[in-house]
Amino acid sequence: MTHSIKFWAVVPAAGVGKRMNADRPKQYLELDGKTVIEHTLLRLLKADVFTAVAVAISKEDPYWPELDVSAHQQVITAAGGKERADSVLSALKSIRELASDNDWVLVHDAARPCITTTDIHHLITSLVNDDVGGILALSSHDTLKNVQGNGIVGTLDRRHIWRALTPQMFRYGLLKSALEAAEGNPAITDEASALELQGLQPKIVEGRPDNIKITRPEDLALAQFYMEHQND
Ligand code: C5P
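Residue 190 in my numbering sits at position 181 of the sequence shown, and the numbers go up by one each step.
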C-alpha cells in the first residue's frame, strides 16, 4: 500500500514571553480584535495544506481552553515543555500515531502571527523534493559585530549570515530523532540547529520581512501595521 505524504504544523506556544512585561504570555495579547495565537493558527489553517496543527501549551495555561480555536477539529493540544525544543518534541509525540516518518512537519512560532499563505507555499514548493528540509530566513542588511563585554572584537561577513525565521520544515522522523538526540542541549534554539548537530545542512529559503516575531511591546503595533497591508 502506498502512503501519500502529509503535511503537519507544529506550534510551540508554551513560552511566557518575559520581554513583553505583560500580565499574560505574549501569545494571548490582543492584536486587531483577536489574540496573537488565534491569528497564527487561523493563518496556518487558511493555507489549506495541513492535516492537523499540533499546539504545545503549558499545563498552567488558563487562556487556551477559552479560545474557540482550541476546539477546532484540525487542532491537537499537546503539553508544553521546559524549553522551546521540549515543547516541539512533545507536540511531535502527540501525533506519532497519525504521522509517518516521511511526512513533512512545519514548525511555526505561536508568536509569529503575520505569517502568510505565500510564505508557507513558497517554503513547501522550494523544499518538497529536498532530502533534509530547511527554514525561512532573512539576510541581514545591517553590519554585524562580534562583541565581548561592550567592546567590538570583530565584524562578521554578512554575506554568510542569515536570520532564522519559522516555519522550519523537516521530515517527521528525522526531526523527532534529531530533537531526541539533542534533548537538554541549550544550544538548540530552533529545529535547524538540532539537524545541524546531526551533521546535516538544512536549506534556507528567503522569507518575507513581515513575518515578525512578537518579542517586545512595540512589536504589536508593527504586526498590526503589517496585517493592515497584507492581502494574502
Ligand atoms: O521566547 P521565544 O520568542 O523565543 O519563543 C518562541 C516560541 O516558542 C513561542 O511561540 C513560545 O511560546 C514557544 N515556547 C514554547 N515552550 C517553551 C518556550 C517557548 O513553546 N518552553
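A virtual CB, placed ideally from N, CA and C, is assigned to each residue, including glycine.
task: Could you tell me the distance, in whole angstroms, from the CA atom of Gly89 to the CA atom of Asn155?
output: 33 Å
message: Would you say the beta carbon of Pro122 is closer than 7 Å to some non-hydrogen atom of ligand 1?
response: no
task: Using only the heavy atoms of ligand 1, determine whether one of them is closer than 7 Å to the beta carbon of Asp128.
output: no
message: Judging by CA-CA distance, which residue of Ile133, Ser148 and Ala94 is the nearest neighbour of Asp166?
response: Ser148
- request: Quick one: using the 10 Å Cβ neighbour count with 16 as the cut-off for buried, is Phe234 buried or exposed?
  value: exposed
query: Whose C-alpha, out of Ile144, Asn220 and Ala187, is nearest the C-alpha of Val214?
result: Ile144
message: Quick check for students: name the residue ranges of the alpha helix (DSSP H) that lie wholly in the segment 148 to 202, counting only runs of 4 or more.
response: 181 to 190
message: Strictly by DSSP, which residues pair up with Gly143?
response: Met178 and Lys212
- prompt: Once you ignore the five residues that flank Ala187 on each side, which residues in its own chain have a CB closer than 6 Å to its CB?
  reply: Ala203, Leu204 and Gln207
task: Report the three-state DSSP secondary structure of Ala80 (helix, strand or coil).
output: helix
message: Using C-beta distances below 7 Å, list every residue in its chain close to Gly216, excluding the 5 sequence neighbours before and after it, in chain order.
response: Asp128, Leu145, Ala146, Leu147 and Leu174
message: Rounding to the nearest angstrom, what Cα-Cα distance links Leu153 and Thr164 in this structure?
response: 6 Å
field: Assigned secondary structure, Ala108 (DSSP; H/G/I helix, E/B strand, else coil)
entry: coil
Per-residue burial, Lys35 [other beta carbons within 10 Å of its own, 16 or more giving buried]: buried
message: Here's a check: name, in chain order, each residue in its chain whose Cβ is nearer than 7 Å to the Cβ of Arg33, leaving out the five neighbours to either side.
response: Tyr72
- prompt: How is the alpha helix (DSSP H) around Ile133 delimited, first residue to last?
  reply: Thr126 to Leu136
field: Close beta carbons around Asp241, own chain, < 6 Å, minus the five adjacent residues each side
entry: Thr125, Thr126 and Thr127
message: Looking at the secondary structure, which residues open and close the beta strand (DSSP E) in which Ala94 lies?
response: First-last for Ala94: Arg93 to Ser103, but that is the alpha helix (DSSP H), not the beta strand (DSSP E).
task: Assign Met10 to one of two classes, buried (16 or more other C-beta atoms within 10 Å of its C-beta) or exposed (fewer than that).
output: Because the pLDDT of Met10 is 47, which lies under 50, any placement of that residue in the model is unreliable, and the number read from its coordinates should be weighed accordingly. It counts as exposed.
field: Option in Pro176, Glu106, Ala191 and Pro122 with minimal Cα separation from Gln239
entry: Pro122
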